[in-house]
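Asks:
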Amino acid sequence: MAEEAVLGFLEKNEEIKDSGEFAVEKGISHEEIVNVIKSLNGFRFVDAQDIKKERWQLTAEGKTYAANGSPEFQLFMAVPPEGISRVELQKKLGDPGFKIGCQQAIKNKWVEMGKSQVSRKVAHVDDSVKDMLVKINNGEAPNQEGIDALKRRKLISPQVWKGYSVKKGPNYAPKRRKPATDLTRENLQSGEWKDLQFKEYNFLAKGFPIEGGYLHPLLKVRRQMQMIFLQMGFEEMPTNNYVESSFWNFDALFQPQQHPARDSHDTFFLKEPSTTKTLPEDYVERVKQIHESGGHGSRGYGYDWKREEANKNLLRTHTTAVSSRMLYALAKKPFEAKRYYSIDRVFRNEAVDRTHLAEFHQIEGLICDRGLSLGDLQGVLHDFFSRLGMSKLRFKPAYNPYTEPSMEIFGYHEGLKKWVEVGNSGMFRPEMLLPMGLPEDVTVIAWGLSLERPTMILYGIDNIRDLFGHKVDLGLIKSNPICRIGL
Ligand code: PHE
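Residue numbers (the numbering used here): 9 to 495.
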């Protein structure tokens with residue numbers, strides 16, 4: 009109804025000057041008219057211009073004066089021509105009325121306040137305050153002076169009224185039809201297409217979000233780590249075998265066969281196939297020797313080394329198993345210095361908690377060259393970790409069966425404002441390198457860390473199960489920020 013009223017009126021008239029007055033004329037609520045105008049304006053059926061009017065509204069106090077007269081008038085009327093005592097007058101008028109009435113009536117010079125007696129100063133007064141309030145209530149505006157006075161006495165308050173003036177718009181039609189969104193076979197055949205109004209394209213509309221592949225935070229951080237290694241001249245090691253023999257995972261790394269890590273409580277052993285098929289026999293022999301009785305200046309462990317133990321298949325517990333294969337392969341050729349890295353999955357038979365899973369990713373780097381020292385290791389670690397945004401490092405002596413010396417690495421995390429353990433490192437033992445056949449003056453410095461830990465710190469995740477595994481919220485995968493390592 010409101011829409012017909014607006015469009016119908018504009019068919020015969022230039023303009024609706026004031027939507028408020030129009031609403032009153034048509035007996036439709038202003039709110040309804042305004043909604044229709046906004047909608048018609050959006051589709052350019054009409055051209056609407058805002059109008060704002062400041063209006064005055066009576067406050068609660070103003071309303072009582074408009075109904076009962078101002079307190080000063082009431083006070084004047086309560087004073088008989090012969091005068092009245094203050095006490096009596098106060099009793100007649102009540103407290104606030106008496107106080108305000110006195111103030112105003114004295115200001116107006118209507119009454120004389122003696123010590124105890126009150127008397128009239130004039131014979132007749134007009135209640136102009138009440139008259140003005142009544143006028144305002146009827147929508148009329150009194151003069152500015154009057155308004156100021158009423159405002160000061162807080163009898164009226166301003167109210168901004170918003171409405172529109174409306175003219176025909178470029179798409180004006182006396183009736184709004186739903187615009188067509190498609191040109192159909194039917195309306196082509198019937199000729200109806202000639203009169204159809206088509207909906208305009210909205211080139212600013214957002215399209216549907218495109219569903220595609222998303223990178224898991226671990227993949228993003230892995231990519232950044234890869235880039236750092238590549239920038240530092242490292243080559244990637246082939247880590248595409250989760251199944252490894254105990255030989256490469258432990259024995260080649262001079263890890264004794266009684267070592268607790270080789271227990272099924274710590275390592276997942278394979279049932280099928282439970283053992284490896286082939287191992288390089290002459291090298292196996294040298295590894296056996298070094299474990300049992302040492303050599304190259306080492307005393308070895310002095311125990312009975314068992315081939316069956318070395319043959320056992322397992323899920324690799326660290327990517328250092330791959331490093332041992334790579335160094336062995338390197339030793340077979342004329343020596344060449346190398347920088348190798350890998351980032352891949354490893355498995356440990358561990359109790360799962362907030363920070364541990366039975367599988368995780370290891371980042372490993374090693375440099376193999378003549379005469380490398382612990383100082384070289386510390387230097388490379390500084391280079392590597394400062395590229396991750398950690399330039400303050402501390403080292404703590406540690407133990408690994410395959411490295412001597414060994415160091416745990418701690419980095420000062422500027423965001424968390426504390427020292428966090430960031431990795432493990434060391435120089436591979438001669439008992440590991442010499443049986444492989446590497447030259448005596450070749451040393452290998454190496455380090456490893458998990459991919460999960462820096463990822464959790466970077467993405468503010470404190471439970472590893474929120475990052476990896478079946479409990480991960482897919483929303484995290486779809487909307488995680490880009491990785492900004494070291495920025
Ligand atoms: N393999 C070690 C680990 O699992 C990491 C490491 C790699 C330590 C290389 C020293 C040298 O924690």
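A virtual CB, placed ideally from N, CA and C, is assigned to each residue, including glycine. Quick caveat: nothing in here was measured; it's all calculated off a predicted structure.
#1: Output yes or no for whether 8 angstroms exceeds the beta carbon distance between Phe393 and Leu401.
#2: When DSSP labels each residue in this structure, what does Lys61 get in the three-state scheme?
#3: Can you tell me which of Ala329, Gly305, Gly28, Asn195 puts its alpha carbon nearest to the alpha carbon of Tyr250?
#4: Within a Cβ cutoff of 7 angstroms, which residues of the same chain sit near Val295, ignoring the five residues on either side of it in sequence?
#5: Given a cut-off of 8 angstroms, decide if Asn357 and Ser253 are closer than it, judged by their beta-carbon atoms.
#6: So, at 7 angstroms on beta carbons, what are the nonlocal neighbours of Phe242 in its own chain, with the 5 sequence-adjacent residues on each side left out?
#7: Quick one: using the 10 Å Cβ neighbour count with 16 as the cut-off for buried, is Tyr222 buried or exposed?
#8: Out of Leu466, Asp55, Pro264, His478, point me to the one whose CA is closest to Leu227's CA.
#9: Should Ala366 be counted as a contact of ligand 1 given a C-beta to heavy atom distance under 7 angstroms?
#10: Would you kindly report the start and end of the unbroken beta strand (DSSP E) that includes Gln239?
#11: Taking the beta carbon of Leu482 as the centre, do at least 16 other beta carbons fall within 10 Å, making it buried, or is it exposed?
#12: Between the C-alpha atoms of Leu141 and Ala181, what's the straight-line distance to the nearest angstrom?
#13: Give the DSSP-derived three-state secondary structure of Ile92 in the structure shown.
#14: Mind checking whether the beta-carbon of His267 lies closer than 7 angstroms to any heavy atom of ligand 3?
#15: Unbroken alpha helix (DSSP H) runs of length 4 or more, entirely within the stretch 315–363: which are they?
#16: Report buried or exposed for Val388, applying the criterion of at least 16 other Cβ atoms within 10 angstroms of its Cβ.
#17: Starting from Ser256, trace the alpha helix (DSSP H) in both directions and tell me its first and last residue.
#18: The alpha helix (DSSP H) that contains Pro462, what's its start and end?
#19: Any residue with its C-beta under 6 angstroms from a non-hydrogen atom of ligand 1 counts. Can you list them all in chain order?
#20: Would DSSP call Phe106 helix, strand or coil?
#21: Let me know the secondary structure DSSP gives Val126 once reduced to three states.
#22: How about the stretch 135–155 and the stretch 63–75: do they share at least three Cβ pairs that are nearer than 8 angstroms?
#23: Between which residues of its own chain and Val229 is the CB-CB distance below 8 angstroms, once the five residues before and five after are set aside?
#24: Taking Phe276 as the reference, give the member of Phe17, Ile472, Lys20, His326 with the closest Cα.
#25: In whole angstroms, what is the alpha-carbon distance linking Thr192 and Pro217?
#26: In three-state DSSP terms, what is Asp39?
#27: Can you tell which of Glu12, Lys170, Met240, Phe355 has the C-alpha that lies nearest to the C-alpha of Leu278?
#28: State yes or no: is the C-beta of Ser27 within less than 8 angstroms of the C-beta of Ile41?
#29: Take the Cβ of His299 as the centre, count every other Cβ of all protein chains shown within 10 Å, and call the residue buried at 16 or more, exposed below.
#30: Considering just the uninterrupted stretch of the alpha helix (DSSP H) at His299, what are its terminal residues?
#31: Quick one: which unbroken alpha helix (DSSP H) runs of 4-plus residues sit fully inside the stretch 421–488? Chain order, please.
#32: Would you say Val44 and Glu23 are within 8 angstroms of each other, going by their C-beta atoms?
#33: Expressed to the nearest angstrom, what Euclidean distance is found between the alpha-carbon atoms of Ala31 and Lys25?
#34: Between Trp455, Leu457, Ser136, Ile485, which lies nearest to Ile469 when the distance is taken from Cα to Cα?
#35: Mind reading off the beta-carbon distance from Met398 to His369? Whole number of angstroms is fine, and I expect it under 8 angstroms.
#36: Looking at the secondary structure, which residues open and close the beta strand (DSSP E) in which Gly218 lies?
Replies: This is what the structure gives:
#1: For the purposes of this step, residue 393 is taken as the residue at position 385 of the sequence shown. For the purposes of this step, residue 401 is taken as the residue at position 393 of the sequence shown. Yes, Cβ-Cβ distance for Phe393 and Leu401 is below 8 angstroms.
#2: Walking along the sequence shown from the start, residue 61 turns up at place 53. Three-state DSSP puts Lys61 in a strand.
#3: Here residue 250 refers to the residue found at position 242 of the sequence shown. Of Ala329, Gly305, Gly28, Asn195, the residue nearest in Cα terms is Ala329.
#4: Taking the sequence shown and counting its residues from 1, the one referred to as residue 295 is at position 287. Cβ within range, chain order: Asp259, Ala260, Pro443.
#5: Along the sequence shown, one-based indexing puts residue 253 at 245. Along the sequence shown, one-based indexing puts residue 357 at 349. Not a contact, by the Cβ cut-off of 8 angstroms.
#6: Residue 242 sits at position 234 when you count from the first residue of the sequence shown. Within the same chain, Phe242 has close Cβ partners Arg347, Tyr348, Tyr349, Gly373.
#7: Here residue 222 refers to the residue found at position 214 when the sequence shown is read from its first residue. Exposed, because fewer than 16 other Cβ atoms sit within 10 Å of the Cβ of Tyr222.
#8: Locating residue 227 in the sequence shown gives position 219, counting from the first residue. Checking every option, the nearest Cα to that of Leu227 belongs to Leu466.
#9: By 1-based counting over the sequence shown, the position of residue 366 is 358. Not under cutoff, so the answer is no.
#10: Position 231 of the sequence shown, counted from the first residue, corresponds to residue 239. Segment 225–239 is the alpha helix (DSSP H) holding Gln239; no beta strand (DSSP E) there.
#11: By 1-based counting over the sequence shown, the position of residue 482 is 474. Flag for Leu482 reads exposed.
#12: Here residue 141 refers to the residue found at position 133 of the sequence shown. Here residue 181 refers to the residue found at position 173 of the sequence shown. Spanning the two alpha carbons is a distance of roughly 45 angstroms.
#13: As a working mapping, residue 92 is identified with position 84 in the sequence shown. Correct three-state label for Ile92: strand.
#14: What this structure holds is ligand 1, not ligand 3.
#15: 315–319, 328–339
#16: By 1-based counting over the sequence shown, the position of residue 388 is 380. Under this definition Val388 is a buried residue.
#17: Against the sequence shown, residue 256 aligns to sequence position 248. Checking the displayed sequence, the identity of residue 256 turns out to be Trp instead of Ser. Run containing Trp256: 254–257, per the alpha helix (DSSP H) assignment.
#18: Numbered from its first residue, the sequence shown carries residue 462 at position 454. Residues 460–467.
#19: His326, Thr328, Glu372, Asn408, Thr411, Asn432, Ser433, Gly434, Ala454, Trp455, Gly456
#20: Residue 106 sits at position 98 when you count from the first residue of the sequence shown. It is helical.
#21: Locating residue 126 in the sequence shown gives position 118, counting from the first residue. Residue state, collapsed to three classes: strand.
#22: yes
#23: One-based indexing of the sequence shown puts residue 229 at position 221. Here the set comprises Leu459, Pro462, Thr463, Leu466, Cys491, Ile493.
#24: Along the sequence shown, one-based indexing puts residue 276 at 268. Ranking the options by Cα distance to Phe276, first place goes to His326.
#25: Position 184 of the sequence shown, counted from the first residue, corresponds to residue 192. Position 209 of the sequence shown, counted from the first residue, corresponds to residue 217. Cα to Cα, Thr192 sits roughly 28 angstroms from Pro217.
#26: On the sequence shown, position 31 is the one that residue 39 refers to. Contrary to the premise, residue 39 reads as Glu rather than Asp in this sequence. Here Glu39 sits in helix by DSSP.
#27: Taking the first residue of the sequence shown as position 1, residue 278 is located at position 270. Considering only alpha carbons, the answer is Phe355.
#28: The count along the sequence shown starts at 1 and reaches residue 27 at position 19. The count along the sequence shown starts at 1 and reaches residue 41 at position 33. In contact: Ser27 and Ile41 (Cβ atoms closer than 8 angstroms).
#29: Your numbering for residue 299 matches position 291 in the sequence shown. Answer is buried; the Cβ neighbour count reaches 16.
#30: Along the sequence shown, one-based indexing puts residue 299 at 291. That run of the alpha helix (DSSP H) goes 289–300.
#31: 438–444, 460–467, 482–486
#32: In the sequence shown, residue 44 corresponds to position 36, counting from 1. In the sequence shown, residue 23 corresponds to position 15, counting from 1. Not closer than 8 angstroms, so no.
#33: Numbered from its first residue, the sequence shown carries residue 31 at position 23. Numbered from its first residue, the sequence shown carries residue 25 at position 17. Between Ala31 and Lys25, the C-alpha separation is close to 11 angstroms.
#34: Here residue 469 refers to the residue found at position 461 when the sequence shown is read from its first residue. Nearest option by C-alpha distance: Ile485.
#35: Within the sequence shown, residue 398 is the residue found at index 390, counting from 1. Within the sequence shown, residue 369 is the residue found at index 361, counting from 1. Contact flag wrong, Cβ pair sits at about 19 angstroms.
#36: Position 210 of the sequence shown, counted from the start, is the residue given in the question as residue 218. One point to set straight first is that residue 218 is Ile, not Gly, in the sequence displayed. First-last for Ile218: undefined, no H or E at that position.
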